[in-house]
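Respectively, the protein sequence lines represent chains H and E. According to my numbering, the first sequence is numbered sequentially starting from 1. According to my numbering, the second sequence is numbered sequentially starting from 291. Glycine residues also receive a C-beta, built at the ideal position from the N, C-alpha and C atoms. Note that the structure is predicted; figures quoted are calculated from it, not measured.
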Amino acid sequence: MNYLKPSTVEEATELLGSSQGMILAGGTDACVYMAEGFCDPETLIDIGAIDSLRGIETQPSDDGDVLWIGACTTISEIEASEALPRALRQGAHAIGSPQIRNLGTIGGNICNASPCGDTLAPLLSLEARFVLRSATGTRTVESADFFTGPKQTVLQAGELLECIDLPIDSCEWISAFRMIGNRNGQAISQVNAAVSTKLEGGVIQAMRAAVGSVAPVPLRLPQLEGALVGKTLQSVQWADLKAPIMAEIRPIDDVRSTATYRQELAVTLIFDALMDCARQDESARKGADT
Amino acid sequence: MNVIGKKVRKVDGQELITGRAKFAGDYRFPGMVYGSVKRAGVPAGRITKIDADAARQLPGVVDVLTAADIPGPNLIGVLPPFDQPLLASDEIRYDGESVVLVIAESAEIARRAAEKVSVTINPYDPILTVDDALAPDARKIHETGNVTFTKKLIKGDAAAAFEGADVIVEGVYETSNQDHAYLEPETVCAVPGRRITLYASCQSPFHIRGHVAANLNLPASSVKVVQASTGGSFGGKDDVATEIGALACIAALRLNRPVMIAHERAESMIGSNLRHAARIRCKTGATKDGKIVARDVNVLLDGGAYASESPFVTMKTLIHAAGPYTIENLFVESTTVYTNKTYCGAFRGFGVPQVTFASESQIDELADKLGMDRLEIRRLNGLKAGDANATGQVYQQSVGLQETITKIAESVETSAPTTEDDRYLYGTGYACVAQGISNGAEGVDVTGASVQMSQDGSVLVGIGLTELGQGSRTVWAQLASAILGVSLDRVSVRLVDTDGVHDSGPTVASRSTTVGGMAVLKAAEEVKKSLVTMAGLMMKTDAENIELRDGFAILKMDDNARIPIPDVATAAYWTGFPLMNLAFSKAPDADYDHDTHQGDVYIAYNYGTHRMDVRVDKLTGQVKVLNHLAAHDVGKVINPLGLEGQIEGASLIGFGFAHMEKIRYRDGIIQNANFADYALPSIKDRIPTATIPVEDHNPTGPFGAKGAGEPPVAAAGAVFANAVSDAVGVRFERLPITREDIVEAIERGNHD
Chain H
1 MNYLKPSTVE EATELLGSSQ GMILAGGTDA CVYMAEGFCD PETLIDIGAI
51 DSLRGIETQP SDDGDVLWIG ACTTISEIEA SEALPRALRQ GAHAIGSPQI
101 RNLGTIGGNI CNASPCGDTL APLLSLEARF VLRSATGTRT VESADFFTGP
151 KQTVLQAGEL LECIDLPIDS CEWISAFRMI GNRNGQAISQ VNAAVSTKLE
201 GGVIQAMRAA VGSVAPVPLR LPQLEGALVG KTLQSVQWAD LKAPIMAEIR
251 PIDDVRSTAT YRQELAVTLI FDALMDCARQ DESARKGADT
Chain E
291 MNVIGKKVRK VDGQELITGR AKFAGDYRFP GMVYGSVKRA GVPAGRITKI
341 DADAARQLPG VVDVLTAADI PGPNLIGVLP PFDQPLLASD EIRYDGESVV
391 LVIAESAEIA RRAAEKVSVT INPYDPILTV DDALAPDARK IHETGNVTFT
441 KKLIKGDAAA AFEGADVIVE GVYETSNQDH AYLEPETVCA VPGRRITLYA
491 SCQSPFHIRG HVAANLNLPA SSVKVVQAST GGSFGGKDDV ATEIGALACI
541 AALRLNRPVM IAHERAESMI GSNLRHAARI RCKTGATKDG KIVARDVNVL
591 LDGGAYASES PFVTMKTLIH AAGPYTIENL FVESTTVYTN KTYCGAFRGF
641 GVPQVTFASE SQIDELADKL GMDRLEIRRL NGLKAGDANA TGQVYQQSVG
691 LQETITKIAE SVETSAPTTE DDRYLYGTGY ACVAQGISNG AEGVDVTGAS
741 VQMSQDGSVL VGIGLTELGQ GSRTVWAQLA SAILGVSLDR VSVRLVDTDG
791 VHDSGPTVAS RSTTVGGMAV LKAAEEVKKS LVTMAGLMMK TDAENIELRD
841 GFAILKMDDN ARIPIPDVAT AAYWTGFPLM NLAFSKAPDA DYDHDTHQGD
891 VYIAYNYGTH RMDVRVDKLT GQVKVLNHLA AHDVGKVINP LGLEGQIEGA
941 SLIGFGFAHM EKIRYRDGII QNANFADYAL PSIKDRIPTA TIPVEDHNPT
991 GPFGAKGAGE PPVAAAGAVF ANAVSDAVGV RFERLPITRE DIVEAIERGN
1041 HD
């Protein structure tokens, strides 16, 4: 096996173009796959040492300011960053153990494209955009269009994920994430869910919801989003959510859970995330009063 | 200071925490090579061809072994006739069966080479359920048939007594396979020489020595087994340590190079014994005032491909099916069958968690049917000193069940929080347990121990039982310290080494403190005789006037007349009094009828009562344990910290058994052989167990102590089931009761 460790993105994309190697970032998924024999790459390109792929900062862009997140930013850094929306930080916190979060990267979580990846639903609910780069150029893909199936994405040969752009205004919305696994710590999500809401006086002006592990790819829930606009968060009932969510999700039975349980959970986790938003809104408004 | 009953830190805690303790995988010897096995990959079939050419050609591969290369009988097991091969030669009986051993210069090469070995197997339809195994026309998994072991316990006349019962409850209860999930997977390291030495992460070194020698076709005296620091065992490092230990020794002698075999996590789950899955039909009858008059139990255990400890687990379920209650009429039939799945054997609790779940569920059902208080019905039927238990054995003392019930009844009533939120359901459960301590009539209870004092007054203890994390080494050190009057930091307990001490049998059955402790006590008393005799000579008085305490030999009638123990030890040495003793301790013979299972079985029982308060999330099925109280009669607490550790740890295993852990098979292949998909409790799932010790002096244990390592598993499992059933208002008859199961039960309730 060839192990390559480029120090710039240019070098990385060139090596990727010429070798068709496998990208290694934190290695928390890649190393497991190699050990299990799921893949046996001839060339491994370790992008973990490229400084320009790491960090969180506000940057101008053609569509207004964005919050820029380098693909090799670790899950721990995402979790700790106060600049980031709550849903994304909660999603990061839900991944693995502290050791895994210290090594794993957000780019790795995205490109691994597991339907249960805990940063994916938050990124969809924040309408994140992914910047893909190859030796010949870059292109930007909406997070909702990036995933094409379990472990499958629109990434072409020779392309790597360079960064994630979060539109600044979506970072100002109130958001929350919930997951449930087969235990409380170090659990893989049986279902996860994220919502992001724009509120005025407790009334939903706009919202975005996304769920993971209930379809081959993480899903946005436009029917639900449409159904809730104009309502107050406080008035949302669990039962109101059920029909629009059920209409869009397609859970399956597997080693981690059953389809029926996943349906129930999807509704409950969206509900709990909305209630988390309601509490945040309430305490923000109380804070504003005093 | 007398350290008996004092909170002391583990004597080996510091070396473990600082990484100085040496585990089997830490050993390095010049020229060491590594072994990895090719496993069957199908649950049943016959080997038609083995082709290892591709593996042999891989650079770094040193040797490839098949069944034909094993000098001895190629068999291991617990109770003769042994039925489990080290390497399968023809028949494949489970997916994880080892077929070919590859030895290479690195563990990585060995593993990759093993993958390249091609084993052609003509597959059979696997037998995957106890019903299929017992079907009249079923294929025979072993020549002897598909029944591994079957026994009956008969006391009184249960059939007739049911006639006189006012109420009868009946149910079928099921439990799942559970993995030991120790932090350190199984590892051994064999070093050839004039005699061969095996360093092993293991539980029962003498058992391994016997099988290694037999399969090497060498006398046992040419094999030395040393227990390396062991990262957990819980019953799981007997059979498998024997398997890989023997394989490593065989390869080491062939190559004249040290050989290490270390399992990966998946191998530890697929290729090493599990807890028996059980199906228990149970029927209990009582009078209208709550007195149980009869019980009829049929236990079916799925033992997987090989017998392992199944005969003893079967027997344990028979003896414990009545729980800690006086039931005069009892009929229990227990059967373990072979299936084409990973073999089952010893696991902390040893059959008792399964039958306790069934028994304690029925006690609640009886109470509900009779409108009685759930704790009161347990008190009414619970054993007391002088009562005959399930096997008719009567203990005149150390039957502390009633006091554990009292302690739980007195526990502060934690009232369910009143909340307007109807999202949560609250419930409280109770469960009682009795668990036999010692091998008892299941085997023989012999233990060897050595105690030697140096001229400087420091003490070295050797024993044939193993420290597995349970804190036994600390208990043994405390016992020697107490008898010889030296402080705990002057006592060392050395690694178990089969050369140094008498064959002490396996480290099982919660017997380390009780049976092992008695051997240490006996050896220490002999050394004490030399010291007090010497001190008596020095003080010109009789030995019986001397006591050993606080580092001195002290004249009992005058505290100021004292001689430092090192001075006494030195004088004793120069005078010619022995300062070392090799003791042998044997528990009293059991008087037992193996046909009816009536008679005296164990040297003591541990009794316990648990209470658990839970909050159940109706929408997700998540259970929060608000409160868990565990009262156990342990005879005498030797180390309160160690006891708490044992009760908390065992309770968490019971909680996992009852709520989370399940080996999932599909077509005979385990689907979740990793900790991501196998729901082992994490630190965030830890339950708030509070230990309540009850001390009802046990005359057969050191300072009155009884073992405590296993009993909380059964009680915690049963109490969880009862608490959740109480909250949800539905009886759960299958473990684990997962979040999915809870949501499903609530849904079903809503629709009814």
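- C-alpha of T419 (chain E) to C-alpha of V459 (chain E): approximately 26 Å in a straight line.
- In this structure the region 982-997 of chain E does not touch the region 904-915 of chain E; the number of beta carbon pairs closer than 8 Å is below three.
- In its chain, beyond the 5 residues on either side, V131, L132, E162 have a beta carbon closer than 8 Å to the beta carbon of T138 (chain H).
- For F842 (chain E), the uninterrupted beta strand (DSSP E) run begins and ends at 842-845, by DSSP.
- Under the three-state reduction of DSSP output, P854 (chain E) falls in the strand class.
- C-alpha of N102 (chain H) to C-alpha of I164 (chain H): approximately 19 Å in a straight line.
- Chain E has a Cβ within less than 8 Å of the Cβ of Y261 (chain H).
- In its chain, beyond the 5 residues on either side, P971, R976, I977 have a beta carbon closer than 7 Å to the beta carbon of L942 (chain E).
- Counting along the chain, S134 (chain H) sits inside the beta strand (DSSP E) bounded by residues 129-134.
- Not a single C-beta of chain H is nearer than 8 Å to the C-beta of S326 (chain E).
- A straight-line Cα-Cα distance of about 7 Å links T886 (chain E) and K445 (chain E).
- For C163 (chain H), the enclosing beta strand (DSSP E) has its first and last residue at 160-167.
- S213 (chain H) is positioned such that its CB atom lies no closer than 8 Å to that of V195 (chain H).
- D903 (chain E) is outside the set of residues whose beta carbon lies under 8 Å from a beta carbon in chain H.
- Taking C-beta atoms as the reference points, F524 (chain E) and H566 (chain E) fail to come closer than 8 Å.
- It is roughly 6 Å from the alpha-carbon of G761 (chain E) to the alpha-carbon of K300 (chain E).
- Straight-line measurement puts the Cα of G107 (chain H) at about 7 Å from the Cα of T73 (chain H).
- In the three-state scheme derived from DSSP, where H, G and I count as helix and E and B as strand, V549 (chain E) is classed as strand.
- One thing to note: L44 (chain H) has its Cβ within 8 Å of the Cβ of N2 (chain H).
- Nearest to G321 (chain E) by C-alpha distance, out of E:R571, E:I337, E:G350, E:H497, is E:G350.
- Neighbours of D975 (chain E) in chain H, taken as residues at a C-beta separation under 8 Å, are given in chain order as R183, N184, G185.
- For M207 (chain H), the uninterrupted beta strand (DSSP E) run begins and ends at 203-212, by DSSP.
- For R256 (chain H), the chain E residues whose Cβ falls inside 8 Å of its Cβ are D967, in order along the chain.
- Taking 8 Å as the cut-off, the Cβ atoms of C572 (chain E) and A648 (chain E) count as close.
- Interface annotation for the region 907-932 of chain E against chain H: D907, L909, T910, G911, Q912, criterion Cβ-Cβ distance under 9 Å.
- When Cβ-Cβ separations below 8 Å define contact, T28 (chain H) makes no contact with chain E.
- For the 8 Å CB-CB criterion, T681 (chain E) and G841 (chain E) do not form a contact.
- With a cut-off of 8 Å on Cβ pairs, the region 229-248 of chain H is in contact with the region 262-274 of chain H, counting three or more such pairs.
- In this structure, A342 (chain E) sits away from D385 (chain E), with a CB-CB distance that is not shorter than 8 Å.
- In the structure shown, G96 (chain H) adopts coil according to DSSP, grouped into three states.
- In its chain, beyond the 5 residues on either side, A25, G26, C72, T74 have a beta carbon closer than 6 Å to the beta carbon of T105 (chain H).
- Under DSSP, H432 (chain E) shares a beta bridge with E:G435.
- The residue from E:S558, E:A851, E:N507 with its alpha-carbon nearest to that of A536 (chain E) is E:N507.
- The C-beta of Q468 (chain E) comes no closer than 8 Å to any C-beta of chain H.
- Between E934 (chain E) and T981 (chain E), the C-beta spacing is below 8 Å.
- Burial state of K312 (chain E) is exposed, judged by a 10 Å Cβ sphere holding fewer than 16 other Cβ atoms.
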